[in-house]
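For the sequence shown, the positions run 1 to 312 when the numbering used here is used. Note that the Cβ used here is the ideal one computed from N, Cα and C, for glycine as well. Keep in mind that this is a model prediction, so the values were computed, not measured. Some notes on the structure that comes next.
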Amino acid sequence: MDGGNHSIVSEFVFLGLTQSWEIQLLLLVFSSVLYAASMTGNTIIVFFVTTDPHLHSPMYFLLANLSFVDLGACSTTSPKMIYDLFRKHKVISFGGCIAQIFFIHVVGGVEMVLLTAMAFDRYVAICKPLHYLTIMSPQMCILFLAAAWAFGIIHSLFQLTFIVNLPFCGPNVLDSFYCDLPRLLRLACMDTYRLQFMVTVNSGFLCVGSLIILLISYIFILFTVWKHSSGGSFKALSTLSAHITVVFFFFGPTMFIYTWPHPSSQMDKFLALSDAVLSPFLNPVIYTFRNKEMKAAMKRSFRLLVNFRKIS
């Protein structure tokens with residue numbers, strides 16, 4: 001079916017997060033602060049990893065790329081959402097909606113692979129320390145990065161094949177603050193039950209599969225540290241707590257949105273808001289304030305800045 005001949009919908013209307021003006025003001029402040037903090041924190045990580053020679057290692061290479069992806073993740077939906085909190089009539093063009101879905105799935109796919117690569121990096125560092133630099137060579141790091149972006153783009157293009165030829169002739173109201181694929185499919189002027197099932201299976205399978213791989217890696221790491229350390233499993237959990245926390249905040253909302261059979265609209269919005277502004281904010285906080293080398297790099301840069309000002 002030719003979507004160009006049958007589609008008469010040129011824009012979609014968002015119902016937003018809430019109809020209460022007072023709550024919208026609170027959300028405006030909350031979202032704006034977290035968005036600014038996310039952009040600042042992730043930019044700082046990319047800057048320090050790029051400029052500080054002490055951070056030129058595979059772990060920080062992957063961390064910098066995760067922060068770069070988080071810059072895109074929080075910019076895909078947050079600016080539009082913050083802007084719409086000022087407006088009573090919240091709309092997005094058909095093309096803008098498709099673009100939003102595309103970039104959401106690109107950054108989501110890239111982040112899945114990068115988190116898996118970071119778990120593999122920690123597995124090699126802890127379980128095979130003598131072979132770490134050989135296994136996690138610069139070529140391997142570039143391969144992980146290329147695979148992440150290839151996977152993200154292919155996954156997103158595959159998701160778009162579900163909607164490019166669908167007819168949209170009304171209604172055009174989305175009970176959300178951003179365009180997501182499951183809700184958009186329900187607005188098509190045809191039975192899309194099978195497509196919705198395929199989207200759920202596709203995204204859900206990727207989320208669950210990636211999470212299982214991550215859990216297996218963490219189990220191996222915890223077992224190895226417990227076996228060779230007097231501190232036991234508590235010390236292993238402390239070592240990996242930053243990675244586990246980031247994985248939890250990323251996969252938790254995503255899995256619920258795409259795998260829960262009867263999702264609640266309000267719960268979906270809350271989890272999507274967490275994915276849009278909270279998760280990108282927590283990543284730099286967790287990796288910066290719980291990482292001695294990152295804090296040391298920040299102190300070195302601060303001292304250099306102070307000395308430069310004294311000289312000038």
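- Between Val-13 and Asn-165, the gap from beta carbon to beta carbon reaches 8 Å or more.
- With a minimum length of 3 residues, there is no unbroken run of beta strand (DSSP E) contained wholly in the region 92-143.
- Distance between Leu-114 and Val-49, taken at the CA atoms: about 16 Å.
- Beta-bridge analysis with DSSP links Leu-174 to Phe-14.
- Lys-269 carries a helical assignment under DSSP once its states are collapsed to helix, strand and coil.
- Measuring C-alpha to C-alpha distances from Val-247 to each of Met-59, Asp-268, Leu-215 and Phe-220 identifies Leu-215 as the nearest.
- In the structure shown, the three-state DSSP call for Lys-90 is strand.
- Between the beta-carbon of Cys-74 and that of Met-118 there is about 19 Å, and that puts the pair past the 8 Å contact cut.
- Linking Met-255 to Thr-245 through their CA atoms gives a straight-line distance of about 15 Å.
- Exclusion of the five residues before and after Pro-253 leaves Leu-271, Ser-274 and Asp-275 as the residues of its chain whose Cβ lies within less than 6 Å of its Cβ.
- Taken through DSSP and simplified to helix, strand or coil, Ile-23 comes out as helix.
- Taking the Cα positions, Phe-103 is about 10 Å away from Leu-157.
- Rounded to whole angstroms, the separation of the alpha carbons of Lys-299 and Pro-58 is 22 Å.
- The residue from Asn-42, Thr-161, Lys-227 and Ala-150 with its alpha-carbon nearest to that of Ala-64 is Asn-42.
- Excluding residues up to 5 positions away in sequence, Leu-206 and Ser-210 lie with their Cβ nearer than 7 Å to the Cβ of Met-112 in the same chain.
- Taking all protein chains in view, the Cβ of Met-136 is crowded by 16 or more other Cβ atoms within 10 Å, so the residue is classified as buried.
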